[in-house]
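Reading through the structure tokens given below for one structure.
Next comes the structure, spelled out in structure tokens:
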């Protein structure tokens with residue numbers, strides 16, 4: 027009985043590991059940021075280029091965080107889910123509306139962080 031239970035547990039663990047390994051491996055190749063002029067009302071535009079270097083395909087979460095360089099607080103954030111095929115590269119466009127508290131902030135004082143995740147939690 028113990029041997030059977032350990033075999034089942036081992037197979038279940040192997041299945042979980044293989045499932046995680048066969049999905050996409052998103053890699054942020056590059057990103058560009060086009061800040062809006064202060065008080066223009068236009069969105070802050072970020073374009074991320076994501077490539078799948080994994081053996082499989084699946085949904086990937088791409089996140090953008092805009093931070094105030096002076097105090098480290100989050101100004102705005104956005105995320106999108108994209109479906110990546112094997113060896114596929116996708117451009118993901120974000121148009122982020124800044125909150126009123128950041129409308130007059132100098133664009134040079136905004137830090138852009140972009141990440142891509144799999145699996146999606």
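Residue numbers (my numbering): 27 to 147.
All C-beta atoms in this analysis are idealised placements derived from N, C-alpha and C, irrespective of residue type, glycine included.
Could you check whether residue j and residue i sit closer than 9 Å to each other, using their CB atoms as the reference points?
{"i": "residue 91", "j": "residue 102", "result": "yes"}
{"i": "residue 106", "j": "residue 78", "result": "no"}
{"i": "residue 129", "j": "residue 67", "result": "yes"}
{"i": "residue 89", "j": "residue 141", "result": "yes"}
Out of the options, point me to the one whose CA is closest to residue i's CA.
{"i": "residue 132", "options": "114, 93 and 58", "result": "93"}
{"i": "residue 96", "options": "135, 30, 139 and 140", "result": "135"}
{"i": "residue 80", "options": "86, 49 and 109", "result": "49"}
{"i": "residue 70", "options": "141, 143 and 125", "result": "125"}
{"i": "residue 82", "options": "122, 114 and 127", "result": "114"}
{"i": "residue 55", "options": "118, 98 and 109", "result": "118"}
Given a threshold of 16 other Cβ atoms within 10 Å of its Cβ, counted over all protein chains shown, does residue i qualify as buried or as exposed?
{"i": "residue 64", "result": "exposed"}
{"i": "residue 146", "result": "exposed"}
{"i": "residue 53", "result": "exposed"}
Provide the residue(s) that pair with residue i in DSSP beta bridges, ordered along the chain.
{"i": "residue 106", "result": "88"}
{"i": "residue 96", "result": "BP columns for residue 96 are empty, so no partner."}
{"i": "residue 144", "result": "None; residue 144 has no bridge partner."}
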